[in-house]
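Numbering (UniProt numbering), first residue to last: 1 to 508.
Here a beta-carbon is modelled for each residue, glycine too, at the ideal position from N, C-alpha and C.
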């Protein structure tokens with residue numbers, strides 16, 4: 001991580017559930033989102049700094065040590081105070097020595113006349129007032145300390161960075177007090193950024209928006225396994241892996257899908273034409289150069305299967321160029337899933353662009369025409385935010401579909417019904433948010449239809465949200481509710497529960 005990445009640590013989020021264990025923030029420190037979401041605490045860098053200082057002070061008071069030593073201990077244990085307490089209770093002396101905090105009865109290198117001393121770094125005699133030392137007691141002149149500290153901070157590495165900040169003579173550590181006294185401003189800033197970053201990364205309840213070059217407020221949507229975070233910069237990411245939000249898929253499957261569709265696999269058309277997925281692990285295998293049909297997956301899978309029918313090779317004959325089975329009907333399964341993935345990705349990006357345009361142009365214009373405040377028009381942004389989220393979910397359902405086993409025919413059919421049904425409330429919401437909104441924008445002044453538009457759009461947003469939350473839950477549960485029931489009956493019950501049947505009637 002370079003300095004540009006470190007500078008991004010400006011605004012941090014903490015989950016509401018974990019926040020109760022920390023100090024209760026002031027009212028201006030947290031943002032509560034709509035009722036279907038949890039709330040998160042938005043912390044600026046100053047807020048994080050205050051919490052970090054409180055933690056340092058608490059450890060200092062607990063173990064009767066200086067704040068400088070407390071900082072060194074916390075950094076060494078990656079701000080895990082429980083682990084620190086356990087090790088300190090077992091053997092405080094060992095902990096001190098491992099961190100580089102020593103206890104001496106009298107300072108080393110103390111001259112007999114207490115007026116001058118010999119600096120072993122520059123080989124000069126200096127007055128005692130021009131010297132300094134850390135816990136080891138080794139005396140070094142201030143000029144050499146300044147040079148040593150600045151050099152050490154410049155050479156800081158990402159891994160165990162605090163372990164390099166040592167006395168020129170021994171493993172004794174120097175901390176903020178020495179840095180404040182001798183480091184130049186650039187090195188002070190760099191040290192503090194590393195200290196700040198270590199505090200953030202050491203916390204189990206704090207994360208920052210991974211958007212490059214900026215820091216933003218974040219809203220956290222609770223999930224059953226993957227926490228979907230929507231930042232106010234419109235970047236959505238997974239709380240667990242910090243990659244793009246991928247629910248209803250788990251992190252591992254999502255990463256596999258993204259790798260398969262990355263540039264490493266060349267053009268998607270090339271992938272479809274020249275590779276096939278292993279029936280066991282789904283890793284795509286390139287066709288044999290000699291055009292033989294027997295395929296063997298990479299270790300540790302090592303599954304032998306037929307290129308043409310995807311069947312286990314043991315069910316075939318000795319002829320490597322002949323398939324004794326009919327060609328499977330889903331030869332183009334990857335192609336279909338990938339095309340629908342890309343289609344929803346494109347629609348999601350359009351919704352994102354519309355959402356950005358709303359805040360800059362559309363809402364201020366509508367506010368003037370309908371004599372409503374910007375805050376009163378926020379329901380429009382919520383609608384487009386929901387449209388963007390729905391397209392994201394639909395996009396990942398097609399990746400989910402691809403990884404369903406070929407023998408899971410009933411689940412595939414059920415998922416297809418759910419995907420089709422999910423389009424119905426979304427189309428209604430999109431129609432209201434775009435066409436009806438444009439009618440209001442084209443009006444010369446306040447419209448008598450505005451209140452109806454607000455009511456319809458708010459209701460449609462709520463219905464669509466409920467429908468998609470149900471869809472995500474079902475897929476995260478592995479479509480377990482499909483077993484032992486009629487898929488068509490379940491689909492009809494789902495329509496009745498979500499209100500999507502009435503939406504379909506209104507739309508068409």
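- In this structure residue 248 does not touch residue 406 by the C-beta definition: roughly 20 Å separates them, more than the 8 Å allowed.
- Boundaries for residue 275: no alpha helix (DSSP H) harbours it, while the beta strand (DSSP E) harbouring it runs 275-277, taken from the DSSP string.
- Fewer than three pairs of CB atoms, one per stretch, sit closer than 8 Å, so the region 332-351 makes no contact with the region 309-323.
- The beta carbons of residue 387 and residue 430 sit about 6 Å from each other, so the pair counts as a contact at 8 Å.
- By a beta-carbon distance limit of 8 Å, residue 75 does not contact residue 192. Their separation comes to about 12 Å.
- Bounds of the beta strand (DSSP E) holding residue 305 are 304-306.
- Take residue 148, set aside five residues on each side of it, and the residues of its chain with a beta-carbon closer than 6 Å to its own are 168, in chain order.
- The C-alpha of residue 81 lies about 37 Å from the C-alpha of residue 129.
- Judged by beta-carbon spacing, residue 367 lies within the 8 Å limit of residue 377, meaning their Cβ atoms are closer than that value.
- Between residue 450 and residue 437, the CB-CB gap reaches or exceeds 8 Å.
- For residue 462, there is no enclosing beta strand (DSSP E); the residue is part of the alpha helix (DSSP H) that begins and ends at 450-476.
- Across the structure, residue 452 and residue 464 are spaced so that their CA atoms are roughly 18 Å apart.
- With fewer than 16 other Cβ atoms from the protein chains shown falling within 10 Å of its own Cβ, residue 123 counts as exposed.
- Take the alpha-carbon of residue 102 and the one of residue 172: they are about 7 Å apart.
- In the structure shown, residue 229 falls within a strand segment according to DSSP collapsed to helix, strand and coil.
- One alpha carbon belongs to residue 140, the other to residue 300, and they sit about 58 Å apart.
- Counting only the Cα atoms, residue 259 lies some 13 Å from residue 277.
- A direct Cα-Cα distance of roughly 31 Å separates residue 404 from residue 210.
- With contacts defined by Cβ atoms closer than 8 Å, residue 180 and residue 150 do not form a contacting pair.
- The Cβ atoms of residue 475 and residue 457 do not sit closer than 8 Å to each other.
- Remark: C-beta atoms of residue 471 and residue 413 do not approach each other more closely than 8 Å.
- Within the DSSP bridge table, the entry for residue 119 names 124 as partners.
- Setting aside the 5 residues that flank it on each side, residue 144 is surrounded in the same chain by 119, 121, 122 and 168, each with a C-beta closer than 8 Å to its C-beta; the list follows chain order.
- Between the C-alpha atoms of residue 426 and residue 417 there is a straight-line separation of about 15 Å.
- Here residue 291 is exposed: its Cβ has fewer than 16 other Cβ atoms, across all protein chains shown, within 10 Å.
- Secondary structure note for residue 152: its alpha helix (DSSP H) is the uninterrupted segment 142-154.
- In the DSSP annotation of this structure, the continuous segment of the alpha helix (DSSP H) that includes residue 348 starts and ends at 333-357.
- According to DSSP, residue 295 shares a beta bridge with 305.
- Note that the C-beta distance between residue 479 and residue 415 is below 8 Å.
- Residue pairing by DSSP places residue 78 opposite no residue, since no beta bridge is assigned to it.
- The Cβ atoms of residue 79 and residue 198 lie closer than 8 Å to each other.
- By the neighbour-count criterion, in which 16 or more other beta carbons inside 10 Å mark a residue as buried, residue 285 falls on the buried side.
- When rounded, the separation of the alpha-carbon atoms in residue 239 and residue 396 is 17 Å.
- Sorting 307, 336, 333 and 334 by C-alpha distance to the C-alpha of residue 323 places 307 at the top.
- In the structure shown, the three-state DSSP call for residue 53 is helix.
- Within its own chain, the residues whose Cβ lies closer than 7 Å to the Cβ of residue 390, once the five positions on either side in sequence are excluded, are 426, 464 and 468, listed in chain order.
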